[in-house]
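Q:
Pasting the structure below:
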């Protein structure tokens with residue numbers, strides 16, 4: 006019976022465009038910080054069975070050419086957002102949480118502006134579930150004039166970046182916990 010139930014689940018999963026498993030597979034999660042002194046604060050392994058939790062200490066921007074940054078990164082197992090129009094996340098964050106779509110046209114393989122499409126979710130001291138559509142995302146106000154807007158190209162989005170909304174001027178500390186993530 007278990008085998009039938011398992012295979013039925015696989016069949017049903019194959020009929021859906023929902024990308025929910027494995028949200029908390031350690032190979033899909035990582036983090037990055039600038040080389041200017043920002044730090045990751047981990048009091049336990051980054052990926053747990055039912056959550057991903059990380060703390061950041063971001064230094065203020067160094068100068069006009071050297072920005073500071075911190076990122077919790079979810080590498081999309083399928084390699085792109087093809088077929089996805091909604092992102093549902095249950096999170097806790099002591100600062101507003103920015104979700105960025107890591108799209109090659111704006112990154113190191115593209116124009117190097119790093120002005121990725123993004124959306125900001127409110128601070129959440131308790132687990133909070135939000136669903137956003139790709140149409141909710143916009144490029145940041147600081148996007149350089151020379152960075153040509155090519156729109157959201159789902160096939161070119163390989164990761165989601167979860168970033169605490171800390172200012173360039175002040176930096177600061179933040180803790181982010183992701184309890185659930187579904188791409189539909």
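In the working numbering, the protein residues as written are 6 to 189. Glycine included, C-beta positions come from ideal geometry on N, C-alpha and C. Note that the coordinates shown come from a computational prediction; the quantities given were computed from them, not determined experimentally.
#1: So, are the CB atoms of residue 123 and residue 149 less than 8 Å apart?
#2: Would a C-beta distance cut-off of 8 Å place residue 57 and residue 86 closer than the cut-off?
#3: Hey, would you say residue 62 sits closer than 8 Å to residue 44, going by beta carbons?
#4: Round the Cβ separation of residue 100 and residue 128 to the nearest angstrom and send it over; I've been treating them as touching at under 8 Å.
#5: What is the rounded straight-line gap between the Cα of residue 118 and the Cα of residue 166?
#6: Leaving aside the five residues before and after residue 110 along the sequence, list all residues of the same chain whose C-beta is less than 8 Å from its C-beta, in chain order.
#7: Let me know if residue 132 comes out buried or exposed under the rule of 16 or more other beta-carbons within 10 Å of its beta-carbon.
#8: Helix, strand or coil for residue 139, going by three-state DSSP, please let me know.
#9: In this structure, what does DSSP give as the bridge partners for residue 103?
#10: Would you list the one or two residues that DSSP bridges to residue 184?
#11: How would you write the range of the beta strand (DSSP E) that residue 58 sits in, first residue to last?
#12: Does the beta-carbon distance from residue 96 to residue 182 come in below 8 Å?
#13: Quick check on residue 92: buried or exposed, where buried means 16 or more other Cβ atoms within 10 Å of its Cβ?
#14: Is it the case that the Cβ atoms of residue 187 and residue 81 are separated by a distance below 8 Å?
#15: Rounded C-beta distance between residue 60 and residue 180? I'm assuming under 8 Å.
A: Quick look at the numbers:
#1: In the chain shown, the residue the question calls residue 123 occupies position 118. In the chain shown, the residue the question calls residue 149 occupies position 144. Cβ distance not < 8 Å, so residue 123 and residue 149 don't count as in contact.
#2: What you label residue 57 is simply residue 52 of the chain shown in a count that begins at 1. What you label residue 86 is simply residue 81 of the chain shown in a count that begins at 1. Contact: no.
#3: Position 57 of the chain shown holds residue 62. Position 39 of the chain shown holds residue 44. In this structure, residue 44 lies closer than 8 Å to residue 62 by Cβ.
#4: For this step, residue 100 is matched to residue 95 along the chain shown. For this step, residue 128 is matched to residue 123 along the chain shown. That pair is a contact at about 6 Å.
#5: Position 113 of the chain shown, counted from the first residue, corresponds to residue 118. Position 161 of the chain shown, counted from the first residue, corresponds to residue 166. Going from the Cα of residue 118 to the Cα of residue 166 covers about 15 Å.
#6: The residue you call residue 110 lines up with position 105 of the chain shown. Excluding residues within five positions, the ones whose Cβ falls inside 8 Å are 116, 155, 158 and 161.
#7: For the purposes of this step, residue 132 is taken as residue 127 along the chain shown, with counting starting at 1. A residue is called buried once 16 or more other Cβ atoms fall within 10 Å of its Cβ, and residue 132, having fewer, is exposed.
#8: Your numbering for residue 139 matches position 134 in the chain shown. Helix, per DSSP.
#9: As a first step, residue 103 is located in the chain shown; it is residue number 98 there, counting from the start. According to DSSP, which records beta bridges pairwise, residue 103 is partnered with 125 and 168.
#10: As a working mapping, residue 184 is identified with position 179 in the chain shown. Answer by DSSP bridge pairing: none, since residue 184 is not bridged.
#11: Within the chain shown, residue 58 is the residue found at index 53, counting from 1. First-last of the beta strand (DSSP E) with residue 58: 57-63.
#12: Here residue 96 is taken as the residue at index 91 of the chain shown, counted from 1. Here residue 182 is taken as the residue at index 177 of the chain shown, counted from 1. Yes, they are a contact pair.
#13: Counting from 1 along the chain shown, the entry for residue 92 is found at position 87. Counting Cβ neighbours within 10 Å, residue 92 comes out buried, since at least 16 surround it.
#14: As a first step, residue 187 is located in the chain shown; it is residue number 182 there, counting from the start. As a first step, residue 81 is located in the chain shown; it is residue number 76 there, counting from the start. Cβ atoms of residue 187 and residue 81: not closer than 8 Å.
#15: Reading the chain shown from its first residue, position 55 is the one you call residue 60. Reading the chain shown from its first residue, position 175 is the one you call residue 180. In this structure residue 60 touches residue 180 by the C-beta definition: roughly 5 Å separates them, less than 8 Å.
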